[in-house]
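Residues in the sequence shown are numbered from 1 upward in steps of one, following the numbering used here. A virtual CB, placed ideally from N, CA and C, is assigned to each residue, including glycine. What follows is a short report on a single structure.
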Amino acid sequence: MLDPTTVPMAEAARLSARRCDIELAFARVKTHLGVHLLWGAKPVRVRQQVWAGLIIAQGLQALRVEIAGRAGGDPDDVSLPWRVT
Numbered sequence: 001m002l003d004p005t006t007v008p009m010a011e012a013a014r015l016s017a018r019r020c021d022i023e024l025a026f027a028r029v030k031t032h033l034g035v036h037l038l039w040g041a042k043p044v045r046v047r048q049q050v051w052a053g054l055i056i057a058q059g060l061q062a063l064r065v066e067i068a069g070r071a072g073g074d075p076d077d078v079s080l081p082w083r084v085t
């Protein structure tokens, strides 16, 4: 967004919050799912590892949303262990 007059303030705030969610998701994938450690050097292996981490993270996030929905709460209030052992 180079021209702030083209996007309403509420939409800019929503986009900023969404960007923060995306950055937090990547941080979780790198830190808690071990994607910061690459298991191979070939580009295809690196892509497979990154995609697997993103899919697992998305599944865990969907689980958090489901649990929060059933409890009538907010997904940010649901804590799941993100550690891979």
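**OP:** Measure the beta-carbon distance from W51 to R45 and round it to whole angstroms, keeping in mind my assumption that it falls under 8 Å.
**Re:** The count along the sequence shown starts at 1 and reaches residue 51 at position 51. The count along the sequence shown starts at 1 and reaches residue 45 at position 45. Actually they do not touch by this definition, with Cβ atoms about 11 Å apart.
Subject >> Reduced DSSP secondary structure (H/G/I, E/B, other) of K42 >> reply: The sequence position of residue 42 within the sequence shown is 42, counting from 1. Here K42 sits in coil by DSSP.
Original post:
Whole-angstrom Cβ separation of V35 and Q58, contact assumed at under 8 Å?
Top reply: Here residue 35 refers to the residue found at position 35 when the sequence shown is read from its first residue. Here residue 58 refers to the residue found at position 58 when the sequence shown is read from its first residue. Going by Cβ atoms, the distance from V35 to Q58 rounds to 13 Å, so no, they are not a contact pair.
**OP:** Whole angstroms is fine: what's the gap from P75's alpha carbon to V65's?
**Re:** Against the sequence shown, residue 75 aligns to sequence position 75. Against the sequence shown, residue 65 aligns to sequence position 65. Roughly 5 Å between the two C-alpha positions.
Original post:
Just how far apart, CA to CA, sit D3 and A62?
Top reply: The residue labelled residue 3 in the question sits at position 3 within the sequence shown. The residue labelled residue 62 in the question sits at position 62 within the sequence shown. Rounded to the nearest angstrom, the two C-alpha atoms are 35 Å apart.
Subject >> Per-residue DSSP class, three states only, for V50 >> reply: Taking the first residue of the sequence shown as 1, we reach residue 50 at position 50. If DSSP states are grouped into helix, strand and coil, V50 belongs with the helices.
Original post:
Do you know how far the Cα of T5 is from the Cα of E11?
Top reply: On the sequence shown, residue 11 is found 11 positions in, with the first residue counted as 1. On the sequence shown, residue 5 is found 5 positions in, with the first residue counted as 1. Approximately 11 Å between the Cα atoms of the pair.
Subject >> Rounded C-alpha distance that separates S79 from A41 >> reply: Mapped onto the sequence shown, residue 79 falls at position 79. Mapped onto the sequence shown, residue 41 falls at position 41. Whole-angstrom Cα-Cα distance: 33 Å.
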